[in-house]
Amino acid sequence: MANEVYHIGKSGKELSLTVTVTTPGIATTEVKLFLSDGTIINKGNSTNGAGLISDRDIGIDINLNNSTIKIETYILLSKIPKTAWGSCYENLEINYYLYYGKVGQTNPIKLLAGEKSKSSNGELISGIKRIDLVNI
1 MANEVYHIGK SGKELSLTVT VTTPGIATTE VKLFLSDGTI INKGNSTNGA GLISDRDIGI
61 DINLNNSTIK IETYILLSKI PKTAWGSCYE NLEINYYLYY GKVGQTNPIK LLAGEKSKSS
121 NGELISGIKR IDLVNI
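Numbering-wise, the working numbering puts 100 at position 100 of the sequence shown, and it's gapless, one number per residue.
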C-alpha cells in the first residue's frame, strides 16, 4: 500500500500530530520519524491504554522534507467478549490529525482497510500508517 502524502511548508512552523483510536480494547500507539538522511527518531508512545497520542511535536517543517512518519497501533481484545472481536476489527477507526501543514488537506487522515491486520486468532488487531512529508 502506498504511503499517504502530507504537504508541509517551509516557514519554520512546528508540525504536530494527534492520533485517536475508536475501538474497545487495550491500545498502544508508537510514533517514529524516519528522516531523509536515514535517521530514525522515536517520537513517543501512548501511555493511556486508549492508544491516544495528543498534540505530539514532530519537528520543524523545513527540516522534515522527504521524511516519513510511521504510526503503529496495537489493540488487545482479550477483555472483550470473543464474539465481538470480528466486529472490533471491521469497525476499527484510527484518525491521524496533522497540524501546521499546507491549508486545504484532508484532516484527519484515516486508517485504510489495507493498513490494518489481525492475529490468527483475532485477539490482537493492528493498524500501521505511513505518512510522507513533502515541502511544496
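Cβ coordinates follow ideal geometry from the N, Cα and C atoms, glycine included. Every value quoted in this text rests on a predicted model; they were computed, and no experiment measured them.
Burial state of residue i (16 or more Cβ within 10 Å)
i      : result
ALA27  : buried
ILE62  : exposed
SER87  : exposed
TYR99  : exposed
LEU111 : buried
THR39  : exposed
ILE125 : buried
THR83  : exposed
LYS102 : exposed
SER46  : buried
GLU90  : exposed
GLY104 : exposed
Assumed close pair residue i, residue j - CB separation to whole angstroms, cut-off 8 angstroms
i      : j     : result
VAL21  : THR73 : 6 angstroms
ILE60  : LEU17 : Their Cβ separation, rounded to whole angstroms, is 14 angstroms, which puts ILE60 and LEU17 out of contact at 8 angstroms.
SER54  : LEU33 : 17 angstroms between Cβ atoms; not a contact.
ILE94  : VAL19 : 7 angstroms
ARG130 : LYS43 : ARG130 to LYS43, Cβ: 14 angstroms. No contact.
The ligand NAD heavy atom lying under 7 angstroms from the CB of residue i
i     : result
LYS70 : Among the components modelled here there is no ligand, and therefore nothing to report on the ligand NAD.
Range of the contiguous alpha helix (DSSP H) that encloses residue i
i     : result
SER87 : 85 to 90
Enclosing beta strand (DSSP E) for residue i [first to last residue]
i      : result
GLY127 : 124 to 135
GLY44  : 40 to 45
VAL190 : No statement about residue 190 is possible, as the shown extent of the chain runs from 1 to 136 and does not include it.
LYS79  : First-last for LYS79: undefined, no H or E at that position.
TYR98  : A small fix is needed here, since residue 98 is Leu in this sequence, not Tyr. Note, LEU98: beta strand (DSSP E), 93 to 99.
LYS116 : 116 to 118
Is there contact between the segment 4 to 13 and the segment 44 to 51, where contact requires at least three CB pairs shorter than 8 angstroms? For the pair of segments examined, the segment 4 to 13 was found not to touch the segment 44 to 51: the number of CB pairs separated by less than 8 angstroms stays below three.
Mind listing, in chain order, the continuous beta strand (DSSP E) runs of no fewer than 3 residues lying wholly within the segment 14 to 64? List check, beta strand (DSSP E) in window: 14 to 22, 26 to 34, 40 to 45, 53 to 60.
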